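Chains X and V, in that order, give the protein sequences. If you count by our numbering, then the first sequence holds residues 43 to 343, one letter each, in order. If you count by our numbering, then the second sequence holds residues 13 to 178, one letter each, in order. Where a beta carbon is used, it is the ideal one built from N, C-alpha and C, also for glycine. All values derive from a computational prediction rather than experimental measurement.
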Amino acid sequence: MTVDPPRAQGRMPVIPGSFSYHRPTSVKEAVGLLATLGDDGRALAGGHSLIPMMKLRLATPANLVDLAGIAELKGARADGNDIVIGAMTTQHDLIASDLLTAKIPILRETSLQIADPQVRYVGTLGGNVANGDPGNDMPAVMMCLNAAYQVTGKNGERRIAARQFYQGAYFTALEPGDVLTAIRIPVPAAGHGSAYEKLKRKIGDYATAAAAVVLTMKGGKVESCSIGLTNVAETPLWAEEAAKILVGSALDAATVKRAVAAAEAITAPAEDARGPAQYRTKMAGVMLTRALARAKSLARG
Amino acid sequence: MAKSQVAMKVNGNAVEELVEPRTLLIHFLREQLNLTGPHIGCETSHCGACTVDLDGKSVKSCTVFAVQANGADIRTIEGMANADGTLHALQEGFREMHGLQCGFCTPGMITRAYRLLQENNNPSEEEIRYGISGNLCRCTGYQNIVKAIQYAAAKINGVPFQEAAE
Numbered sequence: 043m044t045v046d047p048p049r050a051q052g053r054m055p056v057i058p059g060s061f062s063y064h065r066p067t068s069v070k071e072a073v074g075l076l077a078t079l080g081d082d083g084r085a086l087a088g089g090h091s092l093i094p095m096m097k098l099r100l101a102t103p104a105n106l107v108d109l110a111g112i113a114e115l116k117g118a119r120a121d122g123n124d125i126v127i128g129a130m131t132t133q134h135d136l137i138a139s140d141l142l143t144a145k146i147p148i149l150r151e152t153s154l155q156i157a158d159p160q161v162r163y164v165g166t167l168g169g170n171v172a173n174g175d176p177g178n179d180m181p182a183v184m185m186c187l188n189a190a191y192q193v194t195g196k197n198g199e200r201r202i203a204a205r206q207f208y209q210g211a212y213f214t215a216l217e218p219g220d221v222l223t224a225i226r227i228p229v230p231a232a233g234h235g236s237a238y239e240k241l242k243r244k245i246g247d248y249a250t251a252a253a254a255v256v257l258t259m260k261g262g263k264v265e266s267c268s269i270g271l272t273n274v275a276e277t278p279l280w281a282e283e284a285a286k287i288l289v290g291s292a293l294d295a296a297t298v299k300r301a302v303a304a305a306e307a308i309t310a311p312a313e314d315a316r317g318p319a320q321y322r323t324k325m326a327g328v329m330l331t332r333a334l335a336r337a338k339s340l341a342r343g
Numbered sequence: 013m014a015k016s017q018v019a020m021k022v023n024g025n026a027v028e029e030l031v032e033p034r035t036l037l038i039h040f041l042r043e044q045l046n047l048t049g050p051h052i053g054c055e056t057s058h059c060g061a062c063t064v065d066l067d068g069k070s071v072k073s074c075t076v077f078a079v080q081a082n083g084a085d086i087r088t089i090e091g092m093a094n095a096d097g098t099l100h101a102l103q104e105g106f107r108e109m110h111g112l113q114c115g116f117c118t119p120g121m122i123t124r125a126y127r128l129l130q131e132n133n134n135p136s137e138e139e140i141r142y143g144i145s146g147n148l149c150r151c152t153g154y155q156n157i158v159k160a161i162q163y164a165a166a167k168i169n170g171v172p173f174q175e176a177a178e
């Protein structure tokens, strides 16, 4: 949600470049504006990634289209077996939601590990998943949950699976002029266990490595399992092979070790201030081991 | 760039001003409204010295444009004292418990703690520490800041403040 301090990037913070400010009150109006503005327009959600980038002049949009005035983009509701969360719902809202805490507790758990209280009051779920920053926590959780993103663009509405959304650091399946309007999450089975384990140097930091796990148990064995990994590659990762290894097992040490090895094998972290690449890969494995154990302890069945 | 008209309530007073869209809320408060209580520390959303209360949320005003706050109800440290001029329980707590040394982080700390106590008027020490984790202090080591907030919580709840044994 925040960018690294300017010293690390060799730049000093400055005043953002000039821009025109737009505050539409409907998705239709926002999409129309973004279509007209083309490359000169950019959507503004909570702004806690974009505004720091603008201060560093790493982003210099000529027009900002603020989505905060669009009431339909806020709040969470049940829709059949899914829960649909408006893109402008803040991390603070997610933490406070009884519906989400009851049905998809990993969202609250993850939100509490994002940035700090002030940032969570403003930072949105839509911004977190749409920005394509591999350091953001929600994308791996959304891949783990098999969420879909509802997107409105100049050619109408479509859905994009979170598992198909991330193409590279800051590159996603969004086309210019698209607005990500909602996140649709299939509610995990009642009695599932979940955990998000995040290693970070301090509050507010991006993950050195993090792992999301959602699993169901039956008769002491893993019935289903899904794993997401944060900040150990250019994109969030869905560790499909690792999860397959675990299904049918009792999460015994030997099987967990094989699954962790499979998860580590798909990581390709950058070496940065959070540590060498090899260390971050190993920490992804440690986070996964912990997340599996905790998810199992929370699962019924 | 054309300026935009913004109207908001700041510390109970209606304010109408023209701002450039790129004007950050912290600069608007400090330079146009002369409210220099909120401080500019890191300018990168890390330190919390610029924290103000905006529509019932603690926000880092270095990471909000003034135009985004159009229509908002804002409170800064300047609006924290009681109507009769006496100190707010938090201000008193910071004084009594020596919750500051250089004082640079104090306006942000108090403004943040204000919202924390609005949401939870009897926080545990752990909840206080987690609740102010977006505010950095480089002097105190936080011990006395935590005590100051505990003092304020006790005063607000009308119970005697008892300092935990060290």
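Which residues in chain X have a C-beta closer than 9 Å to the C-beta of residue i? List them in chain order.
i	result
Q17(V)	Under the 9 Å cutoff, chain X gives no residues; its nearest Cβ is about 11 Å from Q17(V).
Any beta carbon from chain V within less than 8 Å of residue i's own beta carbon?
i	result
K97(X)	yes
I57(X)	yes
S236(X)	no
A315(X)	no
A110(X)	yes
S60(X)	yes
Y63(X)	yes
A50(X)	Legend: pLDDT at A50(X) = 47, less than 50; position of this residue unreliable, value from coordinates given subsequently. False, the Cβ-Cβ gap to chain V never drops below 8 Å.
A189(X)	no
R336(X)	no
State the Cα-Cα distance for the pair residue i and residue j, rounded to the nearest angstrom.
i	j	result
A189(X)	I122(V)	39 Å
R49(X)	L98(X)	No answer about R49(X) holds up, because its pLDDT of 48 lies below 50 and its placement is not dependable.
E175(V)	P103(X)	52 Å
T258(X)	E265(X)	5 Å
Q155(V)	Y238(X)	30 Å
A118(X)	N134(V)	29 Å
R201(X)	Q192(X)	5 Å
A144(X)	G233(X)	11 Å
A84(V)	A203(X)	36 Å
S91(X)	G246(X)	13 Å
I137(X)	L76(X)	31 Å
L344(X)	S153(X)	Residue 344(X) is absent from the structure shown; chain X starts at 43 and stops at 343.
L36(V)	E114(X)	27 Å
G270(X)	E108(V)	48 Å
V298(X)	L288(X)	7 Å
M185(X)	S291(X)	22 Å
A251(X)	A165(V)	37 Å
T78(X)	N82(V)	25 Å
With a threshold of 8 Å between beta carbons, is residue i in contact with chain X?
i	result
S145(V)	yes
Who are the neighbours of residue i on chain V, taking C-beta pairs under 9 Å?
i	result
Y321(X)	Chain V residues near Y321(X): none, gap ~24 Å exceeds 9 Å.
Within 8 Å of any Cβ in chain A, is that where the Cβ of residue i sits?
i	result
Y248(X)	In the structure shown, chain A does not exist; the protein chains are X and V.
(Q) Any C-beta of chain X within less than 8 Å: which residues of the region 51 to 72 of chain V qualify? (A) When C-beta distances to chain X are compared with 8 Å, the residues of the region 51 to 72 of chain V below that value are C54, E55, T56, S57, H58, G60, T63, K69, S70, V71, K72, in chain order.
Q.
Along the region 26 to 40 of chain V, where does the CB come closer than 9 Å to a CB of chain X? Name the residues.
A. For the region 26 to 40 of chain V, which is checked against every Cβ of chain X, the residues closer than 9 Å are E32, P33, R34, T35, L36, H39.
Q: Taking a Cβ distance cut-off of 9 Å, strictly less, list which residues of the region 72 to 87 of chain V are near chain X, in chain order.
A: If the cut-off is 9 Å between Cβ atoms, the region 72 to 87 of chain V has K72, C74, T75, V76, F77, V79, Q80, N82 near chain X.
Q | chain V contacts made by the region 144 to 167 of chain X, where a contact means CB separation under 7 Å | A | Considering only beta carbons, the part of the region 144 to 167 of chain X lying closer than 7 Å to chain V consists of D158, P159, Q160, V161, Y163, V164, in chain order.
Q | Interfacial residues, the region 79 to 94 of chain X to chain V, with Cβ spacing under 7 Å | A | Against chain V - using a Cβ distance shorter than 7 Å - the residues of the region 79 to 94 of chain X are G89, H90, I93, P94.
**Q.** Residues of the region 120 to 131 of chain X with Cβ closer than 7 Å to any Cβ of chain V, in chain order
**A.** If you check each beta-carbon in the region 120 to 131 of chain X against every beta-carbon of chain V, none falls closer than 7 Å.
Q) What residues in the region 239 to 258 of chain X have a beta carbon less than 7 Å from any beta carbon of chain V? A) For the region 239 to 258 of chain X, which is checked against every Cβ of chain V, the residues closer than 7 Å are I245, G246.
(Q) What ranges does the alpha helix (DSSP H) occupy inside the region 246 to 291 of chain X, keeping only unbroken runs of at least 4 residues that lie completely in it? (A) 282 to 288, all fully within the region 246 to 291 of chain X.
(Q) My parser needs the alpha helix (DSSP H) runs of 4 or more residues fully inside the region 81 to 110 of chain X; what are they? (A) DSSP runs (the alpha helix (DSSP H)) wholly in the region 81 to 110 of chain X: 92 to 97.
Q | Complete runs of the beta strand (DSSP E) confined to the region 76 to 105 of chain V [at least 3 residues] | A | Those beta strand (DSSP E) runs which fall completely within the region 76 to 105 of chain V and span 3+ residues are 85 to 87.
Q. Along the chain, which unbroken stretches of the beta strand (DSSP E) at least 3 residues long are found entirely within the region 161 to 201 of chain X?
A. For secondary structure counted as the beta strand (DSSP E) over 3 or more consecutive residues, the region 161 to 201 of chain X holds these complete runs in sequence order: 190 to 195.
(Q) Extract the residue ranges of the beta strand (DSSP E) inside the region 119 to 168 of chain V, only unbroken runs of 3 or more that lie entirely within it. (A) Runs found: none.
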